[in-house]
Structures are given as C-alpha cells and as structure tokens.
Amino acid sequence: MDQIKAPLTLSRRAFLGTSAVVAAGAAAGLVLPLSLRAQEQDKALQAELDALPPLRQVAADKGIDFGAAVEPIYLQDNDFSDAFIKECAILVPEWSLKWAAYAPTEGRLVFDDVDQLLRFAGAHGMKMRGHTLIWYAAMPDWAKAALAAASPARAEQMMESLCYSVAGRYRGRLTSWDVVNEAIEPKDNQDNGLRASPWLQAMGPDYIEKAFRLMAAVDPSAQRVYNDYAVEHNQEKADAMVAMLRRLKERDVPIQAVGLQAHLSVGKDLAPLAKLCKDIKDMELDLLITELDVEDTSYWLNDAAHDQRVADTARAFFDTVFSLLKPKQILTWGLSDRHTWLADPKWNSHNPLGLSTRPLPLDKGCRRKLLWKTLYQQISAL
Ligand code: G3I
Numbered sequence: 000m001d002q003i004k005a006p007l008t009l010s011r012r013a014f015l016g017t018s019a020v021v022a023a024g025a026a027a028g029l030v031l032p033l034s035l036r037a038q039e040q041d042k043a044l045q046a047e048l049d050a051l052p053p054l055r056q057v058a059a060d061k062g063i064d065f066g067a068a069v070e071p072i073y074l075q076d077n078d079f080s081d082a083f084i085k086e087c088a089i090l091v092p093e094w095s096l097k098w099a100a101y102a103p104t105e106g107r108l109v110f111d112d113v114d115q116l117l118r119f120a121g122a123h124g125m126k127m128r129g130h131t132l133i134w135y136a137a138m139p140d141w142a143k144a145a146l147a148a149a150s151p152a153r154a155e156q157m158m159e160s161l162c163y164s165v166a167g168r169y170r171g172r173l174t175s176w177d178v179v180n181e182a183i184e185p186k187d188n189q190d191n192g193l194r195a196s197p198w199l200q201a202m203g204p205d206y207i208e209k210a211f212r213l214m215a216a217v218d219p220s221a222q223r224v225y226n227d228y229a230v231e232h233n234q235e236k237a238d239a240m241v242a243m244l245r246r247l248k249e250r251d252v253p254i255q256a257v258g259l260q261a262h263l264s265v266g267k268d269l270a271p272l273a274k275l276c277k278d279i280k281d282m283e284l285d286l287l288i289t290e291l292d293v294e295d296t297s298y299w300l301n302d303a304a305h306d307q308r309v310a311d312t313a314r315a316f317f318d319t320v321f322s323l324l325k326p327k328q329i330l331t332w333g334l335s336d337r338h339t340w341l342a343d344p345k346w347n348s349h350n351p352l353g354l355s356t357r358p359l360p361l362d363k364g365c366r367r368k369l370l371w372k373t374l375y376q377q378i379s380a381l
C-alpha cells in the first residue's frame, strides 16, 4: 500500500484541519507518511530478515517441502524468479493445470505452461504438485455442457479420460494431486453438505470415491489429496468435510491426505481448526497446507500495521496446526504480493476495487515481510 505523502507547505487553517484529520487518522491506524523512526525500524527488520536462511532450507531441515503457486508469466521477472528459486522447494501451477486452461476446446490439450513449470522445477531442484483434477470450477464450457448432458456412465468415461490424459501425462513426476477440490458446500443444501458440483449432478455422490480409486490406478506415485477451503473458520463446513472423509475411509477409498487451503482472514476465528486437525490425525491422513495466504480487508492501514495483523493470524494458525500435526508440504498461494488473486476483483468479492493487499510472505518488491518471519519462526521451531 503506498504511503500518503503529506503536502510540504500548508496555510495555518489548512494545517489545523490537516492536523485534526491526521490525528484522527493516526488513531484509526490510517496510512501516514513513515516517520524517520519507522523507516529505521523498517530497515532494521529488513536487515534481520535478509540475514536468515531461505524457507526452503528451514522447511527441508524439518522434513517439510515449502513452496508456492506460480505461473510461467510471473517467472519472467528476474527479481521474482530469483526469489522463488531461493525460497521454494516445491511449486504448484496456479492456473495452467486446470481443465479450462489446458483444454479450452474439446479434443485439444495444451500443456506448454505446465511443461515449462515442470522444467523450471527440475532445473532448480524443486518438486511439483498437481492442482486440480475434479473441481466444479475452471471447467471449459464444452465440458460443462457435455457433463450436464451425460449419463452417469458417460460422465464416468469423461472422468477417466480427463485423469488419464492429464495425470497420466505427468505420471511419476508430481508429488501429489488435488484429486477432488472443494466438494463441500453446505449452503447448496445437498445431502451430507456436498456442493452441487456438475460432477455430483452427473454421477451422484460416488463421484468422489470413483475419482480417488481412478487416480490410484492412473498415477500410484502421486499422493491423493482432498483439498478444500474455509474449513479453518467454518465449523459446519469442517464437520461436513470430516464426515465425508470418514465415509471414504470406512469404504477403504484410497485417499491419503487432506489439503487445507488455508486462505485465512484477519479477524476470523479459527475455532474449528484444533478439532479438525485431531480428526485428520485420527483418520491417519497426511496434512498439506496447500494455498496459504492471509486476507486483511482493512485497506486503510499502513503496511506495518497490515503486516503485523497478517503475521499474527498466520501465527495463530500454525500454533494450532503444529501442536497436533506436521504438514508434509506448506505452499502459499503466490510468493509475492505482486501476484495475488486477492487483488483481483474478478475472484475476490471482498475487494471489489482491486485494492493492493499484502497476503503473502514477500512484498511486491520481493522483500521478506513479517509473514515470512512467522513462517520461518514457526517452521524452525518444529
Ligand atoms: O490467463 C488466461 C488468459 O489467457 C485467458 O484469455 C483468460 C480467459 O478467461 O483467462 C486467463 O486466466 C485466468 C487465470 O486466473 C490466470 O490469471 C482465468 O480467467 C481466471 O479465472 C483464473 O483465476 C484463478 C482461479 O483460481 C480460477 O481458476 C486464480 O488465478 C487462482 O488464484 C484461483 O485459485 C483458486 C484455487 O484454484 C482453488 N482455491 C481457491 C483459489 C483462489 O480462488
């Protein structure tokens, strides 16, 4: 967020008026010119953070892969690419491994960006994970129409074709797949809190089981993950997800891990999280943190205040998770504030004006922030 630059000369009346506004603003934590002291503090923090080893190393020392979502276009910026190579031991495509991205027209598969990411990962000693196969969103129009018109048997053939053509292509090269993404949505009033996904409509609730059994055959080497969001904050959704996972486990469905997306929000409590982690542990499922970022919609705050709130929220999250489980992988949904979906009004209804936000470990200049420090402290203390 840019600092408001106070005008250099003011009339007495204007000065009094501005002072009153400034005082009120300061009380509300409004964006104010950085004082010299604050600039010194900022410089000291930066020097402290720059001296620390990269997250990929700190996490590897604890048996965790740390990384982030990315796309080739972001890596064209050398400063971003350098920071990504330094900090990340794993990557996940933010967009290019989604159905609408690689199959915009029926019968034509385009994997150029995915292949480029796989080459980049290989060149820099990184792993790569797959996101995502069976999802209600990012479906190409032709597939939406075909699924809507398909019999259950035809829909199952579509699922098989999708998994073999995509996951089959990358067999043995991805550490895990979000096999099914975001299948829970109690607001849809479906049985067991399932989302009214096109897959549910076409195949019934067994689509989830079928997807995991299919992927066990398509790529046995890739860990099979169920991935979802808001379960950290929303008890009803967490309960529905755990109940679904229990049903799958009782039927020996080959699901191996849960992906907590962890799109956290400042001010939202994490009441469901502890029990959710206990339930995941009881079901002997691995935990992945798959899409961590921290949204703070108090856009009027200055960067330092913003960053502190974001870091405090992440700390509370990891305090709870790490007291119960050790994730195998921790990925943030982007590495730098330069590329975050949270600044995109198309995708983030909380930010209709597309205001700049600071949800990620590095700022827009790829400098480490307090969130980076929280990740460093939490992981190295494991
Ligand atoms: O780049 C293409 C462009 O070539 C094409 O012409 C255009 C046509 O619409 O689309 C462009 O791609 C956009 C893509 O982001 C890359 O910027 C898509 O429109 C847009 O829908 C897509 O949004 C992504 C969204 O998932 C839907 O796939 C966001 O970047 C991505 O951050 C977001 O990520 C999701 C996770 O997959 C699941 N969990 C929630 C998370 C945040 O919503």
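Everything in the sequence shown is counted per numbering that gives the first Met the number 0, starting at 0 for the first residue and increasing by one.
Even for Gly, the Cβ is constructed at its ideal location relative to N, Cα and C.
- The distance from the Cβ of I133 to that of A210 is about 5 Å, consistent with a contact at the 8 Å cut-off.
- Pairing L269 with A315 gives a Cβ-Cβ distance under 8 Å.
- According to the DSSP assignment, W176 belongs to the beta strand (DSSP E) that extends over 175-180.
- If you look at A148, you'll find it isn't in any beta strand (DSSP E); it sits in the alpha helix (DSSP H) that goes 140-148.
- Excluding five sequence positions before and after Q234, the CB atoms of its chain that fall closer than 7 Å to its own CB belong to A270, P271, given in chain order.
- For H130, the shortest C-beta to heavy atom distance toward ligand 1 is below 7 Å.
- Not one heavy atom of ligand 1 sits closer than 7 Å to the Cβ of Q255.
- Taken in chain order, the complete beta strand (DSSP E) segments of 3 or more residues contained in the segment 272-328 are 285-294.
- Annotation for G66: the continuous beta strand (DSSP E) segment containing it runs 64-69.
- Distance from the Cα of V113 is smallest, within the candidate group K85, P139, K274, A68, for A68.
- Per the C-alpha coordinates, the member of L286, Y169, P253, K274 positioned closest to L259 is L286.
- With distances taken between CA atoms, I254 lies nearest to N180 out of N180, H305, F317, A195.
- The distance from the Cβ of F119 to that of R168 is about 17 Å, inconsistent with a contact at the 8 Å cut-off.
- Bounds of any beta strand (DSSP E) do not take in Y228, whose DSSP letter is neither H nor E.
- Rounded to the nearest whole angstrom, the C-alpha separation of L116 and P92 is 7 Å.
- Between the alpha carbons of N191 and M282 lies a gap of roughly 19 Å.
- Distance from the Cα of A342 is smallest, within the candidate group L330, A136, P358, I84, for P358.
- Listed in chain order, the non-local C-beta contacts of Q45 below 7 Å within the same chain comprise R366, local neighbours out to five positions each way being set aside.
- In the displayed model, S335 falls within a strand according to three-state DSSP.
- In the structure shown, W134 falls within a strand segment according to DSSP collapsed to helix, strand and coil.
- Distances between the C-beta of Y375 and the heavy atoms of ligand 1 are all 7 Å or more.
- In this structure the segment 344-351 does not lie against the segment 363-379, because fewer than three pairs of beta carbons, one per stretch, are closer than 8 Å.
- Shown here, A166 sits in coil according to DSSP, grouped into three states, outside any helix or strand.
- No residue range can be given for I254, since it is assigned to no alpha helix (DSSP H) and is classified by DSSP as neither H nor E.
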